[in-house]
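For the sequence shown, this note's numbering begins at 2 and goes up steadily by one. Just below is one structure, and these are the notes that go with it.
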Amino acid sequence: MTQAVSLAASSTHTGESSSLVVYFSCTGNTEAAARRIQELAGADIIEIEAADPYPSSYSDTLSRAERELDQDARPAVITTIDDVAQYDVVYVGYPIWFGYAPRPVLTFLEAYDWSGKTVVPFCTSGGSGISASLGEIRESCPGSDVAEGRRVNDTGSIEPWLRSLCLIS
């Protein structure tokens, strides 16, 4: 039996922040960007974890990701948030796989009501941009204001980007 990972149990949940970073990462690149955003925004942070973990082999992970994309799958996730209402700004991070967000990210987003919230997508990628994935994020977060997303392969580019969106001072 798989146990849910709850934000309430996370050591990075203060209960005082009005912003949250949620991220999905397989190689650590997206996690590094997420942690930098957490630091700059003073946000809570939680990792989106698939119920069936991805293989350690990158090529096997990509094979699975391609199958999931072809099937428009929504693989189960074990990550939950107890109180989405406390957050005004939600940063959503993910790697770009075949031009799109990994399917567990959409599973997670579609499980909550993001109405009235600002959703700020960010991605990491070896070559693809974020634009194709933004439509998916908007569809998965109806009623939210989806901000200008950014590919952030260099954590040094994060602070100027967040300042340009007036999300940090």
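Every residue, glycine too, gets a C-beta built ideally from N, C-alpha and C.
Task: Distance between Gly144 and Pro161 (C-alpha atoms, nearest Å) - done: As a working mapping, residue 161 is identified with position 160 in the sequence shown. As a working mapping, residue 144 is identified with position 143 in the sequence shown. Looking at the two C-alpha atoms, the distance is approximately 27 Å.
Open item on the list: Less than 6 Å between C-beta atoms, sequence neighbours within five positions excluded: which residues of the same chain meet that for Arg151?
Closed with: One-based indexing of the sequence shown puts residue 151 at position 150. Within the same chain, Arg151 has close Cβ partners Phe123, Trp162.
Open item on the list: Once the 5 residues before and after Gly69 are set aside, which same chain residues still bring their CB inside 8 Å of it?
Closed with: If you number the sequence shown from 1, residue 69 lands on position 68. For clarity, residue 69 is Glu in the given sequence; the question names Gly instead. Pro76, Pro103, Arg104.
Task: Buried versus exposed, by CB contacts within 10 Å (16 or more), Tyr95 - done: If you number the sequence shown from 1, residue 95 lands on position 94. It counts as buried.
Task: alpha helix (DSSP H) runs contained entirely in the region 111-165, provided each spans 4 or more residues - done: 132-141, 159-165
TODO: Measure from the alpha carbon of Leu63 to the alpha carbon of each residue in Leu135, Thr80, Trp98, then state which is nearest.
DONE: For the purposes of this step, residue 63 is identified with residue 62 of the sequence shown, where counting begins at 1. Closest option to Leu63, Cα to Cα, is Trp98.
Open item on the list: So, with DSSP's three-state summary, where would you put Tyr24?
Closed with: Numbered from 1 along the sequence shown, position 23 holds the residue referred to as residue 24. Strand.
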